[in-house]
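Residue 11 is where the sequence shown starts when you use the working numbering, and the numbers rise one by one after that.
Note sheet for the following structure.
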Amino acid sequence: MLTVTDLNLSYPPKTVLNRFSLHVEADEIICLLGQSGCGKTTALRTIAGFEQPENGSIAFNGQTLFDSHTYIPAHKREIGMVFQDYALFPHLSAAENIAFGLQKSGKEAKQKRIKEMLALIDMTDYADRYPHQLSGGQQQRIALARALAPSPKLILLDEPFSNLDADLRTRLSKDIRHMLKQTHTAAILVTHDRQEAFTMADKVGMMVEGRLKQFDTPRQIYHAPADEYIASFCDAGSIISGRIVSPMQIGTALGIIDLTAPCSYPAGQSIKILLRNNNIVHNPQAAVQATVAEQNFRGCHTVYTLQLDNGETVALETDSFQNFPIGTRLPVQVRPENLVLFPA
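Dropping the structure here:
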């Protein structure tokens, strides 16, 4: 449905988009995830038509929106947009804000669509409220309804939950995903929040220095990150140093790790190892000890940060009935299932 190919855009001396490419299928929800300055919002704005790339191409629903000979302005692209600050008109009611995108509809069709949108976002009783009379979450719903009202095939969301508290952000992201699927609307969401991306998206694009470093399902991004940076950004676990002893063994500060399958690195090569919390096990019989440096109680379980003798840290997750005070020396070992190895 949407194909973006090799977009380049610079604000000298910085290159903001570097051969940025993306493909979105009909009804698919995509999230561009990355730190501030990685180019994700600029990518969204070029798709919307608010920024003009230097070269590359954008095609949507069989129509070329941008290439070396074509530039379709934003208001003619028939793509919905939800801004970070919602951009509701303060002098218009909720219903009137939704109606703004329905200028070409007849009066009867417009009123019918407004009612449908208010019902979709579960705000039928708030039709006459003004933005200042609505909570942040309610304002966000109205902004989404306004963008969805003209029935666009694609909607763009620029960090739509950044102004909301954590609990509301989680609830609203689930609700909006449901609405998008219910209306068969494809979406591209920009965020720096990995949990938001994993909750909302069918696929996640990891943005690094103006291009996609990895594009895959949330599950695959988390379980098979393409490199150490992506693993760290997604908080996928702890990363420690190691050296290949043999195809089936790695030497580390946690001792020799016996792999469950042979690795492709040659003996003697230095590597990095991604360890999930459940890869570290407290075992009174283990030969290696680590020191409890931090304790993070999370209700049903506790996550301990353990410092190894070489200064590296790993995480251990236990049920919350166990209590190891800071400074405790714990014998630990590695459970080697599903380890991820990176070149050092």
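Beta carbons: idealized from backbone N, C-alpha and C, even for Gly.
**Message:** Taking the beta carbon of Arg339 as the centre, do at least 16 other beta carbons fall within 10 Å, making it buried, or is it exposed?
**Reply:** For the purposes of this step, residue 339 is taken as residue 329 along the sequence shown, with counting starting at 1. The residue is exposed, with fewer than 16 neighbouring Cβ atoms inside 10 Å.
**Request:** Determine the DSSP secondary structure at Thr195, reduced to helix, strand or coil.
**Result:** What you label residue 195 is simply residue 185 of the sequence shown in a count that begins at 1. Thr195 falls in the coil class under three-state DSSP.
**Message:** Less than 7 Å between the beta carbons of Lys120 and Leu128, yes or no?
**Reply:** Taking the first residue of the sequence shown as position 1, residue 120 is located at position 110. Taking the first residue of the sequence shown as position 1, residue 128 is located at position 118. No, the pair does not count as a contact, with Cβ atoms beyond the cut-off.
**Message:** Taking the alpha carbon of Val350 as the reference point, which residue from Pro341, Asn289 and Gln299 has its own alpha carbon closest?
**Reply:** Reading the sequence shown from its first residue, position 340 is the one you call residue 350. Cα-wise, what sits closest to Val350 is Asn289.
**Item:** Whole-number beta carbon distance between Ile260 and Gly247, since they are thought to touch under 8 Å
**Value:** Residue numbering aside, residue 247 sits at position 237 when the sequence shown is read from its first letter. Residue numbering aside, residue 260 sits at position 250 when the sequence shown is read from its first letter. 15 Å between Cβ atoms; not a contact.
**Request:** Just grab the DSSP bridge partners of Asp237 for me.
**Result:** Taking the sequence shown and counting its residues from 1, the one referred to as residue 237 is at position 227. Partner(s): none; Asp237 has no beta bridge.
**Message:** Contact between the region 34 to 50 and the region 80 to 100 is defined here as three or more beta-carbon pairs at a separation below 8 Å; is this criterion met?
**Reply:** no
**Asked** What's the C-alpha gap between Tyr136 and Ala157?
**Response** Reading the sequence shown from its first residue, position 126 is the one you call residue 136. Reading the sequence shown from its first residue, position 147 is the one you call residue 157. Each residue's Cα considered, the two are about 18 Å apart.
**Request:** Starting from Gln317, follow the beta strand (DSSP E) in both directions and report where the run begins and ends.
**Result:** Residue 317 sits at position 307 when you count from the first residue of the sequence shown. Run containing Gln317: His311 to Gln317, per the beta strand (DSSP E) assignment.
**Request:** Mind checking who Cys41 pairs with in its DSSP beta bridge?
**Result:** For the purposes of this step, residue 41 is taken as residue 31 along the sequence shown, with counting starting at 1. DSSP lists Leu199 and Val214 as partners of Cys41.
**Request:** Take the Cβ of Gly5 as the centre, count every other Cβ of all protein chains shown within 10 Å, and call the residue buried at 16 or more, exposed below.
**Result:** Missing from the structure shown is residue 5; the chain here goes from 11 to 354 and no further.
**Request:** Using the Cα positions of Phe225 and Glu238, report the straight-line distance between them to the nearest angstrom.
**Result:** Position 215 of the sequence shown, counting from 1, holds the residue named residue 225. Position 228 of the sequence shown, counting from 1, holds the residue named residue 238. For Phe225 and Glu238, the distance between alpha carbons rounds to 15 Å.
**Prompt:** Taking the continuous alpha helix (DSSP H) assigned at Ala157, which residues delimit it?
**Reply:** Sequence index remark: in the sequence shown, residue 157 carries index 147 (1-based). That run of the alpha helix (DSSP H) goes Gly146 to Leu158.
**Message:** Helix, strand or coil for Gly90? Go by DSSP, reduced to three states.
**Reply:** The residue you call residue 90 lines up with position 80 of the sequence shown. If DSSP states are grouped into helix, strand and coil, Gly90 belongs with the strands.
**Asked** Under the three-state reduction of DSSP, which class applies to Gly337: helix, strand or coil?
**Response** The count along the sequence shown starts at 1 and reaches residue 337 at position 327. Three-state DSSP puts Gly337 in coil, outside helix and strand.
**Message:** For a test of the three-state rule: what should DSSP assign to Asn18, helix, strand or coil?
**Reply:** For this step, residue 18 is matched to residue 8 along the sequence shown. Asn18 falls in the strand class under three-state DSSP.
**Message:** Measuring straight from C-alpha to C-alpha, what distance separates Glu169 and Val255?
**Reply:** Locating residue 169 in the sequence shown gives position 159, where the first residue counts as 1. Locating residue 255 in the sequence shown gives position 245, where the first residue counts as 1. Glu169 and Val255: Cα-Cα distance of roughly 45 Å.
**Request:** State yes or no: is the C-beta of Leu12 within less than 7 Å of the C-beta of Gly66?
**Result:** Translated into positions along the sequence shown, residue 12 becomes position 2. Translated into positions along the sequence shown, residue 66 becomes position 56. Not a contact, by the Cβ cut-off of 7 Å.
**Prompt:** Hey, Leu275 and Ile281: beta-carbon distance below 7 Å or not?
**Reply:** Locating residue 275 in the sequence shown gives position 265, counting from the first residue. Locating residue 281 in the sequence shown gives position 271, counting from the first residue. Per the sequence shown, the amino acid found at residue 275 is Tyr instead of Leu. Yes. Within cutoff.
**Message:** Given a cut-off of 7 Å on the beta-carbon distance, is the pair Pro235 and Val214 in contact?
**Reply:** As a first step, residue 235 is located in the sequence shown; it is residue number 225 there, counting from the start. As a first step, residue 214 is located in the sequence shown; it is residue number 204 there, counting from the start. Contact: no.
**Prompt:** Do three or more CB pairs link the region 178 to 190 to the region 69 to 78 at distances below 8 Å?
**Reply:** no
**Prompt:** DSSP three-state call for Lys120: helix, strand or coil?
**Reply:** For the purposes of this step, residue 120 is taken as residue 110 along the sequence shown, with counting starting at 1. It is helical.
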